[in-house]
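Residue numbers (my numbering), protein chains in the order written: chain A, -4 to 203; chain B, 20 to 529. C-beta: ideal position from N, C-alpha, C; glycine also.
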């Protein structure tokens, strides 16, 4: 790189820093975030992509929650858990190495799905959290709470929000039937996390 | 740092930063109406007593009648005087300045005196004493400007000296080194010393017109002619003023108000006038080391009535910019029943916060982003929807944690193999059902072979347990035998059998 190009680069970086400061937004994170499980990281080619959504699908005791928690533990810093089902058991999270003081749990309670998706979007876009885990039960069809709102449109906004915040968005989903997020990576987990398959994205589509 | 002792000279005068707010009543009245760019005059008993630069440039003369002033300047804003509001404004400024100085004294009607002894602590690295004091004065002036007030500053040894130099207004910012006070005061007119009117007029009659002239008079003759006032005035003129400050102690929570020039029925213009209000409340809180955890915005409606918004904040803070993000959202969602004629913003719930949360100039970006999103969510969903989990020493599984305010600050991480609150308990599920779901057990020869859940039968593929959890006789006695069961179609589940033999599904090892 020539001296002129380096100088131009420095000026651009300075301007970006100023814009970030004006927007009160942290520097965008890039690359991949290790999940804390070597087999999964190898499958993903390093870890879950930052600035993107990843879907972890599995049955009620498949191990998807433990995988999300180990990723939160590995991330360090602040993370958020959108606990739409109000089922996360914090003592187990602590046992997996999660610093509970740095895990924001958001329980939307009986509010509609739009509210939970709005909150997820805000958390993903903020850039304040390394990982945002979304554990929501979405019905098929229009999203409850907004007439005619398409779940796909709402979910696309989540992808854009994750990009904006440079956040690792982990979407926990049942194996079949629920709306699918526009995820860069989709993992299928079974048998308490002993079997993990990569459906799309990441490395070469193997199973661990 | 070496401490200088000056025993032979008696007590050393403290270093004081004086801020003089010229025409403070007019500045206050304009700030309260959010109209600082207009030509304006303050009126008392039908006469103009103060006028801003724009009004004076248009021909408004002090002492003229209202009619004369209005005919001299089209569009002149005439404002009534309000002494109580002027005092409150100076006190508000004093409270905000506590962020910069250990003690602040309001010297009514227009001056604040700040203890400048801590200036080196706030100075940039490598700054000398004068540079540190200049930096302190500049910060104080910036803070005042953020609150909507303009002031002149002077740093000197002694409260009276600093006050006189600031009032003289020869420079917008003057720093007089220790020992240079008499020379700095010498050319200034007697009026800046704020002597008793009778003393001043008699000195003027004697031909003493400036502080230098007064300083040269022999103390004996001054005492003879003016009593104790005379030598005191001469000492002040010589820059000898060791009297300490009388610090202001804040009482009550800050609130600021603004009256609008005309009724407003849209959120955007309201936000525009809300900004300086928020800046003032935030600065006053920050000065006291406090952050608001709840704000109240009262909107005065036209022709009468009031709309009140209570705004919870996720984290206590004193950052007006963060508050405005939340207020923008709340105002945007509000259907105004009538146009608004005035606003009042108050911090109704506060907490002591650390310097890193006060957010004056140097908040890290991540912290700002965190606070913003927490405030937005708390505003929409309520504070109870957002929390961090805190371990509790209990045996009842659903009682082993409680919700605590989320700060984002690191806590103690204790990686463990089990998940309960007690040291020797077994593995815990990642998901806990509330309430537990009742199961129907199916067995053969005393052995559990399957369970029925919501009409579906799941074969038991493996079973570990029991782990007996019981106790808490003092509050909520219970006895449960827990099992980890691998169920066909579900996976590893956490079941318990209670005291009367009923089986429940309590969680998933997901």
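For a contact meaning CB atoms closer than 7 Å, what does residue i contact in chain A?
| i | result |
| --- | --- |
| residue 527 of chain B | 55, 56 |
| residue 533 of chain B | Residue 533 of chain B falls outside the range modelled here, since chain B spans only 20 to 529, and no answer is possible. |
| residue 312 of chain B | Simply none; closest approach about 17 Å. |
Quick check on residue i: buried or exposed, where buried means 16 or more other Cβ atoms within 10 Å of its Cβ?
| i | result |
| --- | --- |
| residue 3 of chain A | exposed |
| residue 335 of chain B | buried |
| residue 95 of chain B | buried |
| residue 382 of chain B | Per-residue confidence for residue 382 of chain B stands at a pLDDT of 44, beneath the threshold of 50, marking its modelled position as unreliable; the derived number appears in the next sentence. Residue 382 of chain B should be labelled buried. |
| residue 464 of chain B | exposed |
| residue 59 of chain A | buried |
| residue 84 of chain B | exposed |
| residue 499 of chain B | buried |
| residue 33 of chain B | buried |
| residue 380 of chain B | Interpretation of residue 380 of chain B is limited by its pLDDT of 37, a score under 50 that renders its predicted location unreliable; the figure taken from the coordinates is listed afterwards. By the neighbour-count rule (16 or more Cβ atoms within 10 Å), residue 380 of chain B is not buried but exposed. |
| residue 191 of chain A | buried |
| residue 102 of chain B | exposed |
| residue 390 of chain B | buried |
| residue 436 of chain B | Only weak support exists for where residue 436 of chain B lies, its pLDDT of 40 falling under 50; the value from the coordinates is given anyway. That one is exposed. |
| residue 243 of chain B | exposed |
| residue 32 of chain A | buried |
| residue 268 of chain B | exposed |
| residue 184 of chain A | buried |
| residue 398 of chain B | buried |
| residue 291 of chain B | exposed |
| residue 122 of chain B | buried |
| residue 330 of chain B | buried |
| residue 82 of chain A | buried |
So residue i contacts chain A; which residues on that side make the cut at Cβ distance below 9 Å?
| i | result |
| --- | --- |
| residue 514 of chain B | What residue 514 of chain B touches in chain A: nothing, since even the nearest Cβ is about 12 Å away. |
| residue 414 of chain B | Within 9 Å Cβ-Cβ: nothing; residue 414 of chain B doesn't reach chain A, min ~12 Å. |
| residue 420 of chain B | 84, 85, 86, 89, 95 |
Can you round the beta-carbon distance between residue i and residue j to whole angstroms, since I take them to be within the 8 Å contact cut?
| i | j | result |
| --- | --- | --- |
| residue 6 of chain B | residue 47 of chain B | Outside the shown range of chain B (20 to 529) lies residue 6 of chain B, about which nothing can therefore be said. |
| residue 264 of chain B | residue 253 of chain B | Contact flag wrong, Cβ pair sits at about 22 Å. |
| residue 274 of chain B | residue 363 of chain B | 6 Å |
| residue 272 of chain B | residue 175 of chain B | The Cβ separation is near 34 Å, so there is no contact. |
| residue 15 of chain B | residue 289 of chain B | Here chain B has residues from 20 to 529 only, and residue 15 of chain B is not among them. |
| residue 43 of chain B | residue 59 of chain B | Contact doesn't hold; Cβ gap of about 13 Å is too wide. |
| residue 42 of chain A | residue 28 of chain A | 5 Å |
| residue 229 of chain B | residue 206 of chain B | 6 Å |
| residue 515 of chain B | residue 56 of chain A | Incorrect: roughly 16 Å between the Cβ atoms, too far for contact. |
| residue 478 of chain B | residue 467 of chain B | Not a contact, Cβ separation roughly 10 Å. |
| residue 471 of chain B | residue 458 of chain B | 7 Å |
| residue 77 of chain A | residue 127 of chain A | 7 Å |
| residue 258 of chain B | residue 180 of chain B | 5 Å |
| residue 101 of chain A | residue 452 of chain B | No, residue 101 of chain A and residue 452 of chain B are not in contact; Cβ-Cβ is about 19 Å, not under 8 Å. |
With which residues is residue i paired in a DSSP beta bridge?
| i | result |
| --- | --- |
| residue 501 of chain B | B:486, B:515 |
| residue 78 of chain A | A:130 |
| residue 66 of chain B | B:63, B:84 |
| residue 461 of chain B | B:469 |
| residue 132 of chain B | B:37, B:124 |
| residue 229 of chain B | B:208 |
| residue 100 of chain A | A:76, B:406 |
| residue 477 of chain B | B:470 |
| residue 51 of chain A | A:167, A:182 |
| residue 176 of chain B | B:34 |
| residue 283 of chain B | B:359 |
| residue 422 of chain B | B:408 |
Listing by chain order, which chain B residues have their CB less than 9 Å from the CB of residue i?
| i | result |
| --- | --- |
| residue 98 of chain A | 407, 408, 425 |
| residue 162 of chain A | Simply none; closest approach about 11 Å. |
Residues of chain B with CB closer than 8 Å to the CB of residue i, please, in chain order.
| i | result |
| --- | --- |
| residue 121 of chain A | 388, 389, 391, 392 |
| residue 117 of chain A | 392, 395, 396 |
| residue 189 of chain A | None at all; the shortest Cβ gap to chain B is about 11 Å. |
Going along chain B, which residues have a C-beta under 7 Å from residue i?
| i | result |
| --- | --- |
| residue 101 of chain A | 396, 404, 405 |
| residue 82 of chain A | 450, 451, 452 |
| residue 66 of chain A | By Cβ distance, chain B contributes nothing, its closest Cβ being about 13 Å from residue 66 of chain A, past 7 Å. |
| residue 104 of chain A | 404 |
For a contact defined as C-beta to C-beta under 8 Å, what are the partners of residue i on chain A?
| i | result |
| --- | --- |
| residue 153 of chain B | The contacting residues do not exist; residue 153 of chain B stays about 26 Å from chain A at best. |
| residue 509 of chain B | 54, 55, 56 |
How do the stretch 114 to 122 of chain A and the stretch 149 to 162 of chain A stand: do at least 3 beta-carbon pairs fall below 8 Å, yes or no? Yes: the two stretches touch, three or more of their Cβ pairs being nearer than 8 Å.
Three CB pairs or more closer than 8 Å across the stretch 504 to 513 of chain B and the stretch 480 to 496 of chain B: The stretch 504 to 513 of chain B is in contact with the stretch 480 to 496 of chain B.
Are there three or more Cβ pairs, one per stretch, closer than 8 Å when the stretch 83 to 100 of chain A is compared with the stretch 421 to 429 of chain B? Touching, per the Cβ criterion.
With a threshold of 8 Å, are at least 3 pairs of Cβ atoms found where one atom belongs to the stretch 175 to 183 of chain A and the other to the stretch 38 to 55 of chain A? yes
Would you check if there are 3 or more beta carbon pairs closer than 8 Å linking the stretch 279 to 288 of chain B to the stretch 138 to 154 of chain B? no
Taking contact to mean at least 3 C-beta pairs separated by less than 8 Å, is the stretch 107 to 127 of chain B in contact with the stretch 315 to 323 of chain B? no
Looking at C-beta atoms only, is the number of pairs between the stretch 75 to 89 of chain B and the stretch 154 to 174 of chain B that lie closer than 8 Å three or more? Using a Cβ-Cβ distance cut-off of 8 Å, the stretch 75 to 89 of chain B and the stretch 154 to 174 of chain B are not in contact, since fewer than three pairs of beta carbons, one from each stretch, lie closer than that value.
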